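First residue of the sequence shown? That's 94 in the working numbering, and the numbers climb one at a time after it. Heads up, the beta-carbon is just placed ideally off N, CA and C, and yes, glycines get one too. A quick note: this is a predicted structure, and the numbers were derived from the prediction, not measured. Following: one structure in structure tokens, then a few remarks.
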Amino acid sequence: MVGEISPDGNFIWNGTEWLPHNNTPEEQNVFQLTTDVQEQEIGWEAVSEKLEEGGKGKMIAMSIVGLLVLTALSWVVYAFVIDPMLFPDELKRDEFIKMASDEPTIEEVISGEVSYWTCDIDLKLTQEEDGESITIRGDYSIYASEKSARVSSEMSALFTTFGNDIWMDENEIAWDINDEESGRIAIEGTSTSPASELLTNSDAPVEFCFMHQLVAMSLENDASQPFSSEGERFPDEDGVRAVKIVTEQALEDDDTFTISVYFDDDGNLLGTKMTNSSSEILVEIGSDSFSKPGWVKNANSDTPMPMIIDSDIWSSNHSSTVETLFNSSYSMEGAKVVLYTDEYDYENDTQITEIAFEVDIDTAINGGGLIQSSDEWYGENNCTLSYTDNAPIGEISTGDVLSINCDNYAMNDYQIGISNENGIASEVDLSVPWVSPFFTIIALLGAALLVSRRE
Numbered sequence: 094m095v096g097e098i099s100p101d102g103n104f105i106w107n108g109t110e111w112l113p114h115n116n117t118p119e120e121q122n123v124f125q126l127t128t129d130v131q132e133q134e135i136g137w138e139a140v141s142e143k144l145e146e147g148g149k150g151k152m153i154a155m156s157i158v159g160l161l162v163l164t165a166l167s168w169v170v171y172a173f174v175i176d177p178m179l180f181p182d183e184l185k186r187d188e189f190i191k192m193a194s195d196e197p198t199i200e201e202v203i204s205g206e207v208s209y210w211t212c213d214i215d216l217k218l219t220q221e222e223d224g225e226s227i228t229i230r231g232d233y234s235i236y237a238s239e240k241s242a243r244v245s246s247e248m249s250a251l252f253t254t255f256g257n258d259i260w261m262d263e264n265e266i267a268w269d270i271n272d273e274e275s276g277r278i279a280i281e282g283t284s285t286s287p288a289s290e291l292l293t294n295s296d297a298p299v300e301f302c303f304m305h306q307l308v309a310m311s312l313e314n315d316a317s318q319p320f321s322s323e324g325e326r327f328p329d330e331d332g333v334r335a336v337k338i339v340t341e342q343a344l345e346d347d348d349t350f351t352i353s354v355y356f357d358d359d360g361n362l363l364g365t366k367m368t369n370s371s372s373e374i375l376v377e378i379g380s381d382s383f384s385k386p387g388w389v390k391n392a393n394s395d396t397p398m399p400m401i402i403d404s405d406i407w408s409s410n411h412s413s414t415v416e417t418l419f420n421s422s423y424s425m426e427g428a429k430v431v432l433y434t435d436e437y438d439y440e441n442d443t444q445i446t447e448i449a450f451e452v453d454i455d456t457a458i459n460g461g462g463l464i465q466s467s468d469e470w471y472g473e474n475n476c477t478l479s480y481t482d483n484a485p486i487g488e489i490s491t492g493d494v495l496s497i498n499c500d501n502y503a504m505n506d507y508q509i510g511i512s513n514e515n516g517i518a519s520e521v522d523l524s525v526p527w528v529s530p531f532f533t534i535i536a537l538l539g540a541a542l543l544v545s546r547r548e
């Protein structure tokens, strides 16, 4: 019988013969995987490889942590050990006085003795009005050189902003008001330098740019004036390393101004900070070169001559003195002395200006030009329009005089003026509103420092 085992258990019958029989069969591990199963099909890996990768992960994590710790430590060392060592040395009282005194004075700047000079002023003033706090901001950029000058101003308060930009050199004056109204006029020259005329006759608080010299004079003459010096970045924490001196100045209203003046490592003046309970003033001084701004070439060149004339005629013999913009002088080419009417048409919301009489300026200079008028009540009127050309001769300039002399009655229905191809000369308002509080600060602080100096 197939499969029959012999009595001794050592053989088994396969149907034809007896074959040796293994009576201790090998037990098979039911949990053992067959060898043809791919490890990657199961997704398992050898334990040793897992341990090896885990070690690498720990090493990477430890490296990152170490790098962060090292970075933080390096920053701390730089911020509190190395960076303070890189600031300029603190200044002594006498050192500051000499350095501030060696800086260009306001007289040297406005006279054109300095090649290039710039001053940026950032003003902030808080005032109480009817129980409400009002903040006025002012930003000024002032430029001066031997042959040109520029003042850019912007004031803001109560959601309103006003500003202008004025350029002046030896050949022209240009202005841009609120990016809306512009003008440009050729000039023959100026009575002084462009810097002197523009910086002296504009609304820019130029005195703030020279506060360091008032401080130096006060410290020099008043030993009780507080003084300290330390390193600090300027104009803010991201600025350049600088050394500052600090002093305080009491005002009459028991308020106190803290004034800080900053120099770089080479002894160059960087600027000034002035603060009290209601105001913050930052002044930055520079000597970088500058050029004519791009907007000048696009400014309106068809503008009438800018000047101030008392145009109302009050008597039969009347004279008006010419005052040109920034004491500049204009060409006489095509100029005329005129009588004109100027009325406002409220229905059409427009200004109507009409010239009634005119005499060319050459005739007006050389004896005057005759005009005739007739009135139904007063009759005939013979008048002479004349022009007195004061120095500089041959140019329309400040100090020249317009005159009208009549033999019967005053031509008070008209106004007197000068015109050329661009129209009748008129005043250009380049003033900036809300500046009076800042000039009050200048007056109070400057007076206090000067009093301290005298005492």
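Endpoints, alpha helix (DSSP H) assigned at residue i
| i | result |
| --- | --- |
| Lys191 | 186 to 194 |
| Met367 | Careful: Met367 lies outside any alpha helix (DSSP H), inside the beta strand (DSSP E) at 362 to 368. |
| Leu291 | 287 to 294 |
| Thr396 | Run containing Thr396: none; DSSP gives neither H nor E here. |
Any C-beta of chain B under 8 Å from that of residue i
| i | result |
| --- | --- |
| Phe252 | No chain B is present in this structure, which holds just one protein chain. |
Three-state secondary structure assigned by DSSP to residue i
| i | result |
| --- | --- |
| Phe320 | coil |
| Val389 | helix |
| Met248 | strand |
| Phe124 | Caution applies to Phe124, whose pLDDT of 43 falls short of 50 and renders its modelled position unreliable; the value that the coordinates give is listed next. Looking at Phe124 - three-state DSSP - the assignment turns out to be coil, as it is neither helix nor strand. |
| Pro113 | strand |
| Glu221 | strand |
| Val202 | helix |
| Glu330 | coil |
| Phe180 | coil |
| Phe383 | coil |
| Asn314 | helix |
| Ser156 | helix |
| Thr254 | strand |
| Leu463 | strand |
| Thr228 | strand |
Burial state of residue i (16 or more Cβ within 10 Å)
| i | result |
| --- | --- |
| Asn441 | exposed |
| Lys337 | buried |
| Leu312 | buried |
| Gln125 | At Gln125 the pLDDT is 48, less than 50, meaning the model places this residue with poor confidence and gives no usable figure here. |
| Pro399 | buried |
| Gln342 | buried |
| Gln306 | buried |
| Lys385 | exposed |
| Leu112 | exposed |
| Trp407 | exposed |
| Pro298 | buried |
| Ile164 | A small fix is needed here, since residue 164 is Thr in this sequence, not Ile. So Thr164 counts as exposed. |
| Asp358 | exposed |
| Ala279 | exposed |
Presumed contact (8 Å Cβ cut-off) between residue i and residue j, rounded CB distance
| i | j | result |
| --- | --- | --- |
| Phe303 | Ile199 | 5 Å |
| Ile227 | Gln220 | 5 Å |
| Ile458 | Tyr480 | 5 Å |
| Ser286 | Asn420 | 11 Å between Cβ atoms; not a contact. |
| Gln508 | Asp435 | 6 Å |
| Met367 | Ile374 | 4 Å |
| Ile352 | Val308 | 6 Å |
| Leu291 | Ile270 | The Cβ separation is near 15 Å, so there is no contact. |
| Glu263 | Gly282 | 7 Å |
Boundaries (first-last residue) of the beta strand (DSSP E) holding residue i
| i | result |
| --- | --- |
| Val415 | Here Val415 belongs to no beta strand (DSSP E), and DSSP marks it neither H nor E. |
| Ile497 | 494 to 499 |
| Ala473 | Contrary to the premise, residue 473 reads as Glu rather than Ala in this sequence. Here the beta strand (DSSP E) through Glu473 covers 472 to 481. |
Residues that DSSP places opposite residue i in a beta bridge
| i | result |
| --- | --- |
| Gln306 | In the DSSP output, where bridge partners are listed per residue, Gln306 has none listed. |
| Val207 | Val207 pairs with nothing; no bridge assigned. |
| Asp438 | Thr443 |
| Val336 | Gly324, Phe356 |
| Glu377 | Asp213, Gly364 |
| Met261 | Ala242, Ile266 |
| Ile458 | Its beta-bridge partners do not exist; DSSP assigns none. |
| Tyr507 | Bridge partners of Tyr507: none, in fact. |
| Thr36 | What is shown of the chain runs 94 to 548, which leaves residue 36 out entirely. |
| Ser275 | Asp269 |
| Phe301 | None, per the DSSP bridge assignment. |
| Ser512 | Lys429, Ile517 |
| Glu488 | Ser424 |
| Ser372 | Leu218 |
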